[in-house]
Amino acid sequence: EYMQAFWDVEEVQAKAIQLLASFVTDENALPYLLTFIELISFAMKTHVDSVKLQVDGCSLLLEILSQALEQDVVMALGENVASSLLETVRKHAGNEELILLACTLLMMMSASEVTAENLRKVGVIPDLLSILTNFLHNEKICLSGCGVLWSLAASENNVDQALLRSAVPVTSAVLQEHLQNGAVTESACSALWALSLQGCLTEDDYEPTTALLLDALRMNPERPVLTKNACLALASLLRMSEISALRFIMDSKGSGINLIKDAYHLHFDDLEVVESICMLINEMVQYDEVVLDMLSQKMEELLSVIKSSFPSS
């Protein structure tokens, strides 16, 4: 009632947000805090010029949503919350601290399919791509931004085909910039996989994207989720293009076949990774030149090992 009665008074809203923030450490307060999400976002939208209120509001929403995730509370946030956050991003596009908070919040929100749909409806994709382009150097922003892209691109209700196509060069730039950062690379590989499944890559993208994914595997061999998603993305590319298949076996830094062997030996006990490797191999065998290369490198031995290791799968 206090927030609603003085909605246009910035100082009142700021104090209310600070008061609510004092309750976030109390796990029992979560049901009550959840009822304030709309009011917090409305306060942010009303006083969008205030950087401090935006930072405090985003921080509080992050705390509330983090608690909700920890307690397995599924949150589907409406278009009002999504549009409020988007206004914050647009108004303060150059404020790196605030953009980082907003992107982390967007990633958490996009975990819900309903909320991801609402983010898409309010037009988050162009803003997200601008953020990734402008803050390419910021690992945390790139990590969150690619996470949001993955959620939006992976949705079955996708209607933003043209917009998602423009996400391909941006995501590739993130991957190229942060190849040595396993977490960012993992997130970017996931986004590229989702984009490839949606048919967003063009013929010009196939070869450079294949090379980037091979570099991702080469430089981060120990990460199982990255390995799985890179293999699935490569499988998707090979399904679409012989150009990708040839680059896969003839990459100047070494054949993708050796990378697959190494990946299996590192993650032989992870069924999801092994399945993704098998899906990639399944696409490889449709090309005669690749098959010849596989035979010369005794890939049939690896397949026999996989078959005997997972007889029931």
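Everything in the sequence shown is counted per UniProt numbering, starting at 1 for the first residue and increasing by one.
Don't be surprised by glycine CBs; every beta carbon is placed ideally from N, CA and C.
Being a predicted model, the structure only gives us computed values, none of them experimental.
* Asked: How is ASP136 classed by DSSP in three states: helix, strand or coil?
  -> Within the sequence shown, numbered from 1, the residue matching residue 136 stands at position 136. Per the sequence presented here, residue 136 reads as Leu, with Asp not at that position. Three-state DSSP puts LEU136 in coil, outside helix and strand.
> Of the choices GLU203, CYS189, MET219, whose alpha-carbon is the least far from that of ALA233?
Replying inline: Looking up residue 233 in the sequence shown gives position 233. With distances taken between Cα atoms, ALA233 lies closest to CYS189.
Review point. Can we count LEU238 as close to the ligand HEM, meaning its CB is less than 8 Å from some heavy atom?
Key: Of the ligands one can find in the structure shown there are none, so the ligand HEM has no counterpart to examine.
| Can LEU98 and VAL48 be called in contact, C-beta distance under 9 Å? | Residue mapping note: residue 98 aligns to position 98 of the sequence shown, counting from 1. Residue mapping note: residue 48 aligns to position 48 of the sequence shown, counting from 1. No, the Cβ-Cβ distance between LEU98 and VAL48 is not below 9 Å.
Q) Residue range of the alpha helix (DSSP H) that ASN220 falls in? A) Numbered from 1 along the sequence shown, position 220 holds the residue referred to as residue 220. Per DSSP, ASN220 belongs to no alpha helix (DSSP H) and is neither H nor E.
* To do: To the nearest angstrom, report how far apart ASN80 and ALA116 are at their CA atoms.
  => By 1-based counting over the sequence shown, the position of residue 80 is 80. By 1-based counting over the sequence shown, the position of residue 116 is 116. Roughly 13 Å separates the two Cα atoms.
Which word fits GLN13, buried or exposed, when buried means at least 16 other C-beta atoms lie within 10 angstroms of its C-beta? Taking the first residue of the sequence shown as 1, we reach residue 13 at position 13. GLN13 should be labelled buried.
Note to self: Is it the case that the region 235-244 contacts the region 196-205, given that we only count it when at least three CB pairs across the two stretches are under 8 Å?
What the structure shows: yes
- Message: Whole angstroms are fine: how far does the CA of ALA162 sit from the CA of TYR264?
- Response: Reading the sequence shown from its first residue, position 264 is the one you call residue 264. Reading the sequence shown from its first residue, position 162 is the one you call residue 162. TYR264 and ALA162: Cα-Cα distance of roughly 36 Å.
Is it true that the region 79-93 meets the region 160-176, where meeting means three or more beta-carbon pairs spaced less than 8 Å apart?
no
**Asked** Are the beta-carbon atoms belonging to ALA76 and SER112 less than 9 Å from one another?
**Response** In the sequence shown, counting from the first residue as 1, residue 76 sits at position 76. In the sequence shown, counting from the first residue as 1, residue 112 sits at position 112. Yes; because the gap between Cβ atoms is below 9 Å, this pair is in contact.
> If you run the structure through DSSP and keep just helix, strand and coil, what is PHE42?
Replying inline: In the sequence shown, residue 42 corresponds to position 42, counting from 1. PHE42: helix per DSSP, three-state reduction.
Alpha helix (DSSP H) segments (min. 4 residues) lying fully within the UniProt domain "LRRK2 ARM repeat" (173-308) | 182-197, 203-219, 224-240, 242-250, 256-267, 271-284, 288-296
Next item on the list: Identify the continuous alpha helix (DSSP H) that holds ALA102 and give its terminal residues.
Entry: On the sequence shown, position 102 is the one that residue 102 refers to. Per DSSP, ALA102 belongs to the alpha helix (DSSP H) from 96-110.
**OP:** Can you tell me which of LEU179, GLN180, VAL114, LEU105 puts its alpha carbon nearest to the alpha carbon of GLY145?
**Re:** For the purposes of this step, residue 145 is identified with residue 145 of the sequence shown, where counting begins at 1. Among LEU179, GLN180, VAL114, LEU105, the Cα nearest to that of GLY145 belongs to LEU105.
- Task: Pick out the complete alpha helix (DSSP H) segments inside the region 67-97, 4 residues or longer, and give them in chain order.
- Result: 79-91
- Item | Inter-residue Cα distance where the pair is TRP150 and ILE306 | Here residue 150 is taken as the residue at index 150 of the sequence shown, counted from 1. Here residue 306 is taken as the residue at index 306 of the sequence shown, counted from 1. The alpha-carbon atoms of TRP150 and ILE306 are separated by roughly 30 Å.
_Buried/exposed call for GLY94, threshold 16 Cβ in 10 Å_ = Along the sequence shown, read from residue 1 onward, the residue named residue 94 stands at position 94. Exposed, since its Cβ has fewer than 16 Cβ neighbours within 10 Å.
Margin query: I'd like to check one pair, LEU128 with VAL148: are the Cβ atoms closer than 9 Å?
Written below: Taking the first residue of the sequence shown as 1, we reach residue 148 at position 148. Taking the first residue of the sequence shown as 1, we reach residue 128 at position 128. Going by C-beta atoms, VAL148 is nearer than 9 Å to LEU128.
For a test of the three-state rule: what should DSSP assign to GLY147, helix, strand or coil?
Here residue 147 corresponds to residue number 147 of the sequence shown, with the count starting at 1. In this structure, GLY147 counts as helix in the three-state DSSP scheme.
Cβ-Cβ separation, LYS228 to GLU272 (assumed contact under 8 Å), whole Å = The residue given as residue 272 occupies position 272 in the sequence shown. The residue given as residue 228 occupies position 228 in the sequence shown. 5 Å between Cβ atoms; contact.
Which of the three DSSP states is assigned to THR25 in this structure? In the sequence shown, the residue the question calls residue 25 occupies position 25. THR25: coil per DSSP, three-state reduction.
ask   = Is it buried or exposed for ALA82, if we count other Cβ within 10 angstroms and need 16 for buried?
value = Numbered from 1 along the sequence shown, position 82 holds the residue referred to as residue 82. Buried is the call here.
Here's the rule I'm using: 16 or more other beta-carbon atoms within 10 Å means buried, otherwise exposed. How should SER244 be labelled?
Numbered from its first residue, the sequence shown carries residue 244 at position 244. Classification of SER244: buried, given that the 10 Å Cβ count is 16 or more.
Quiz item: Which class does VAL48 belong to by DSSP, given the choice of helix, strand or coil?
Solution: For this step, residue 48 is matched to residue 48 along the sequence shown. If DSSP states are grouped into helix, strand and coil, VAL48 belongs with coil.
*Please name the residue, chosen from GLU63, VAL225, ASP205, that lies closest to LEU266 on a Cα-to-Cα basis.*
One-based indexing of the sequence shown puts residue 266 at position 266. Out of GLU63, VAL225, ASP205, VAL225 has the C-alpha closest to the C-alpha of LEU266.
**Asked** DSSP state of SER59, grouped into three classes?
**Response** Counting from 1 along the sequence shown, the entry for residue 59 is found at position 59. DSSP places SER59 in helix when its eight states are reduced to three.
Look at ILE40 and LEU19 and say whether their C-beta atoms are less than 9 Å apart.
-> Looking up residue 40 in the sequence shown gives position 40. Looking up residue 19 in the sequence shown gives position 19. No, the pair does not count as a contact, with Cβ atoms beyond the cut-off.
What's the call for THR3, buried or exposed, on a 16-neighbour Cβ count within 10 Å? Residue mapping note: residue 3 aligns to position 3 of the sequence shown, counting from 1. As written in the sequence, residue 3 is Met, which differs from the Thr given in the question. Answer is buried; the Cβ neighbour count reaches 16.
Whether ILE260 touches LEU280 by CB criterion (9 Å):
Numbered from its first residue, the sequence shown carries residue 260 at position 260. Numbered from its first residue, the sequence shown carries residue 280 at position 280. In this structure, LEU280 lies closer than 9 Å to ILE260 by Cβ.
Under the three-state DSSP convention, the category PRO31 falls into: Along the sequence shown, read from residue 1 onward, the residue named residue 31 stands at position 31. Looking at PRO31 - three-state DSSP - the assignment turns out to be helix.
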